[in-house]
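2 protein chains.
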Amino acid sequence: MTQRKRVIVIGGGFAGLWCVQRLAKAPVDITLIDRSNHHLFQPLLYQVATAGLAAPSIAAPLRYILRDQRNVTVLMGEVDRIDVTARTVHVGGQALSFDYLLVASGATHAYFGRDQWATHAPGLKTLDDAFLIRRRVLSAFEEAEAAQDSATRDACLTFAVIGAGPTGVELAGTLAEIARHTLAREFRHIDSRRARVLLIEAGPRVLSTFTEGLSEKARAQLVKLGVEVHLGKPVTHIGDGYLEFGGQRVDARNILWAAGVAASPLGKQLVEGTGSPGIDRAGRVRVASDLSLPGHPGIFVAGDLVSIELEGKPVPGVAPAAKQMGNRVADNIRALLAGRPTTAFRYRDFGSLATIGRHSAIVQWPNLRMSGALAWWFWLVLHIYFLIGFRSRLIVLINWAWAYFTYARGARIIINTDSDREIHGSEEEVRGESRGA
Amino acid sequence: MTQRKRVIVIGGGFAGLWCVQRLAKAPVDITLIDRSNHHLFQPLLYQVATAGLAAPSIAAPLRYILRDQRNVTVLMGEVDRIDVTARTVHVGGQALSFDYLLVASGATHAYFGRDQWATHAPGLKTLDDAFLIRRRVLSAFEEAEAAQDSATRDACLTFAVIGAGPTGVELAGTLAEIARHTLAREFRHIDSRRARVLLIEAGPRVLSTFTEGLSEKARAQLVKLGVEVHLGKPVTHIGDGYLEFGGQRVDARNILWAAGVAASPLGKQLVEGTGSPGIDRAGRVRVASDLSLPGHPGIFVAGDLVSIELEGKPVPGVAPAAKQMGNRVADNIRALLAGRPTTAFRYRDFGSLATIGRHSAIVQWPNLRMSGALAWWFWLVLHIYFLIGFRSRLIVLINWAWAYFTYARGARIIINTDSDREIHGSEEEVRGESRGA
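Residue numbers (this note's numbering), protein chains in the order written: chain A, 42 to 478; chain B, 42 to 478.
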């Protein structure tokens, strides 16, 4: 009996996880490496940031998902380096060798070289980001309630979201809903309904990947929800508590960044010195038609880390594309195992949909275009259906049914960071008697 | 019309919240001050620490709970000082004056002057503590799986819980269940069932407030769940990755502290220079029989911050006692408003119960003593019933029903702290093209 081939998959997102699961019956030993312990259902991440859902509702441990797939070992760790010549992955002081490799480490937010903006305007890619945004948003209303002067109060109640792609639109729409409905009766010194939510976009329209008609409908729905939409106005400066765009300066304590993404730095590291076509401006790896690194059969790239055009159109960075790529890579690994040629990736575009807020969404499918309440229900059903795991789905359903009828949001808990705690820690100085040991 | 009297309540735990709600129809203006934005159902906090429940399941925003009680203003902030002479509370740079005051700022864990132990052995009092413990416990299994040598592996798989009061027993029992059942099939290099869970207690028995018979039954149930119970062995040293007790040294990466509590430092500050009987060894305020600060009518103390003996027995620091005190203070404030004399606090002891682990608990009620599975079901029903808010109750019920049949735990998500992020932040250095602005 020969040794089983070793497969390493980097990244437990949609691309990586779908590839691993598709290889369940293949005669290989798989190692799945991720720096976090969970798979994240990214399309609902904005709900955690806006206190609609608890983190465990949209995340499941990778080990738990894969517990019965005996050919997988899950390793939680940070990949330091990939050596394409020695065919090894360096992680946590070990060098793991592979026969086949999938790099699917995804993307993060980017500030176009303006790193100093990151402190003032956090982006939303991980659960950590979501908790940071949740804490800042909820704290802003608390600070406004306690404020002694109206300038501070107004700044606390001004929310600026930069970038009108899907994430920016979701955040702005939900913030407006929170201010106008969720918190409406809870404060005594402020009227939360007077909060301003600004959505600022450098381009000429919101959700620019949709048709112009749907894009305009989305804009109108945002305005109806109470969002101030500013189009064609690039942000020129972000400082502590204010930003500048389109020649004006606005004081805002909460500035959220949804304007740019960049691929994981592993992409750049992967292509260095391989003589492959390299990476594009966003740091994404240019791959061959079968998703392999050109000149390196058996090494694949998938998901948001990939730059690929099909019939002259770039494949979008969305969950269905990542899943389809993961499946294609798995099938190509099986082909290589069997000595067959690999197959080119084909993207099956089911269409796009984007949610905006309560009863507001747009749907652009090949034979179907919708906006408003019907589109929203369609979006809701689809997203709950695609959530991983029965338990999560049921709990999300109950949470949302509850939120729908009451406007309440179940996860409005401000959790401090360790750094916050250090500030308060000094006061716990009184010592006491034993309760136990 | 005369000005309405001002009531300040410090602390939104059981004592403070129950007092505020009991004053719903009183002609007073109430300010409730808490440093967090939520009321916490502390009896289930260990479930968040052990990944059984998400934080929002056991916490609800104080504003949300009190949104319809128009005579309350909720203020999120840290109290700096109470001035009993000027009758003012200093919070966030303001001095708020009061006619009536309730101080119910609770307790925290204490290390008997061994502050250096805090880093190595975190305690469990807040949601922040729970997240820290959850992250450490889950990470320990991950580190064991990745470990290169058996000494490291064994240390990662050794959990020491110090103090066999209710919290220590719950933590030890649940950790044993996680190791033996929840994670049993998920790792490839380690056998999680071989993890050691030590419960270390200086006194002669576990749950020492119960009868000797029930205490012994609890010990036997712990052993059956797989916990190593060490009684009569005080911990003499805790270092980085090890501890010493009863003359032996054990390498343990996870050490949890459940051995001591101290009252909030506000108690000490309150009595300084008032000429009242002062505080006890645990920093709790000695109060008059009507729960007022002796010599200061209209200033009350309640909950875990109180030291009071009734019929020669100290009132225990449990939720029912705190609720009853909160109600008593509210009624005494109403009496003072009406020019009537205040009434002494009477503690109605419904009995005690403690949970140990799956199918394991003990119940000691006046006419009822139980242990084992029946006691556990009794504990479960009672705790879900007392959870605040219908939605939480339902979601906890579903979570537990799911966990009961599958042994899965729904909240096994490792969330990093900001300080963790700083370590990894440097790698997000590749910048990219715009998706939006």
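C-beta atoms are modelled at their ideal positions from N, C-alpha and C, and glycine is treated no differently.
Nearest-angstrom beta carbon gap, residue j and residue i [assumed within contact, 8 Å]
i: Tyr87 (chain B); j: Thr208 (chain B); result: 6 Å
i: Ala343 (chain B); j: Ala363 (chain B); result: 7 Å
i: Val50 (chain B); j: Cys60 (chain B); result: 6 Å
i: Asp345 (chain B); j: Gly147 (chain B); result: 5 Å
i: Asp370 (chain A); j: Leu332 (chain A); result: Asp is not the amino acid found at residue 370 (chain A); the sequence shown has Val there. Confirmed, Cβ separation roughly 6 Å.
i: Gly206 (chain B); j: Pro245 (chain B); result: In fact, because the Cβ distance is near 14 Å, the residues do not count as touching under 8 Å.
i: Val115 (chain B); j: Thr315 (chain B); result: Going by Cβ atoms, the distance from Val115 (chain B) to Thr315 (chain B) rounds to 28 Å, so no, they are not a contact pair.
i: Ala90 (chain A); j: Ser433 (chain A); result: Rounded, the Cβ-Cβ distance is 17 Å, inconsistent with contact.
i: Leu266 (chain A); j: Val210 (chain A); result: That belief does not hold up - the Cβ atoms of Leu266 (chain A) and Val210 (chain A) are roughly 10 Å apart, past 8 Å.
i: Cys197 (chain A); j: Arg45 (chain A); result: Actually they are not in contact, since the Cβ atoms of Cys197 (chain A) and Arg45 (chain A) sit about 59 Å apart, beyond 8 Å.
i: Val48 (chain B); j: Ile374 (chain B); result: 6 Å
Buried or exposed by the 16-neighbour rule on C-beta atoms within 10 Å, applied to residue i
i: Asn78 (chain A); result: buried
i: Arg389 (chain A); result: exposed
i: Asp75 (chain B); result: buried
i: Arg111 (chain B); result: exposed
i: Lys66 (chain A); result: exposed
i: Arg387 (chain A); result: exposed
i: His424 (chain A); result: buried
i: Tyr105 (chain A); result: buried
i: Ser348 (chain A); result: buried
i: Asp195 (chain A); result: buried
i: Tyr426 (chain A); result: exposed
i: Glu352 (chain A); result: exposed
i: His278 (chain A); result: exposed
i: Lys166 (chain A); result: buried
i: Tyr141 (chain A); result: buried
i: His150 (chain A); result: buried
i: Gly339 (chain A); result: buried
DSSP-derived helix/strand/coil call for residue i
i: Ser305 (chain B); result: coil
i: Asn112 (chain B); result: coil
i: Ala101 (chain B); result: strand
i: Thr129 (chain B); result: strand
i: Lys166 (chain A); result: coil
i: Arg235 (chain B); result: helix
i: Arg472 (chain B); result: Residue placement at Arg472 (chain B) cannot be trusted, given a pLDDT of 26 that sits under 50; what the coordinates show is reported in the next sentence. In the structure shown, Arg472 (chain B) sits in coil (DSSP, three-state: anything other than H, G, I, E or B).
i: Ala180 (chain B); result: The sequence given here places Ser at residue 180 (chain B); Ala does not occur at that position. In the structure shown, Ser180 (chain B) sits in a helix (DSSP, three-state: H, G or I).
i: Arg290 (chain B); result: strand
i: Arg453 (chain B); result: coil
i: Glu211 (chain A); result: helix
i: Leu64 (chain A); result: coil
i: Arg155 (chain B); result: coil
i: Arg369 (chain B); result: helix
i: Ala188 (chain B); result: coil
i: Gly57 (chain B); result: helix
i: Gln262 (chain B); result: helix
Proximity test, Cβ basis, 7 Å: residue i and chain B
i: Ile49 (chain A); result: no
i: Thr129 (chain A); result: no
i: Ile464 (chain A); result: Since pLDDT at Ile464 (chain A) reaches only 27, below the 50 mark, its modelled position is unreliable, and the value read off the structure follows with that caveat. Not closer than 7 Å to any Cβ of chain B, the Cβ of Ile464 (chain A) fails to qualify, so no.
i: Pro97 (chain A); result: yes
i: Gly319 (chain A); result: no
i: His424 (chain A); result: no
i: Val454 (chain A); result: Sequence inspection shows Ile at residue 454 (chain A); the Val mentioned does not correspond to that position. Yes, Ile454 (chain A) lies at the interface with chain B (some Cβ there is under 7 Å from its Cβ).
i: Glu350 (chain A); result: no
i: Pro483 (chain A); result: Residue 483 (chain A) is absent from the model: chain A starts at 42 and stops at 478.
Interface flag, residue i vs chain A, CB-CB below 7 Å
i: Pro357 (chain B); result: no
i: Thr114 (chain B); result: yes
i: Leu58 (chain B); result: no
i: Asn295 (chain B); result: no
i: Arg327 (chain B); result: no
i: Leu168 (chain B); result: yes
i: Pro163 (chain B); result: no
i: Ala196 (chain B); result: no
Bridge partners - residue i, DSSP secondary structure assignment
i: Arg269 (chain B); result: The sequence given here has Glu at residue 269 (chain B), not Arg. Beta-bridge pairing links Glu269 (chain B) to B:Leu239.
i: Gln135 (chain B); result: B:Val132
i: Leu297 (chain A); result: A:Val202
i: Tyr283 (chain A); result: A:Gly280 and A:Asp292
Closer than 6 Å: residue i CB and nearest the ligand SAM heavy atom
i: Leu346 (chain A); result: The model depicted lacks the ligand SAM and carries no ligand whatsoever.
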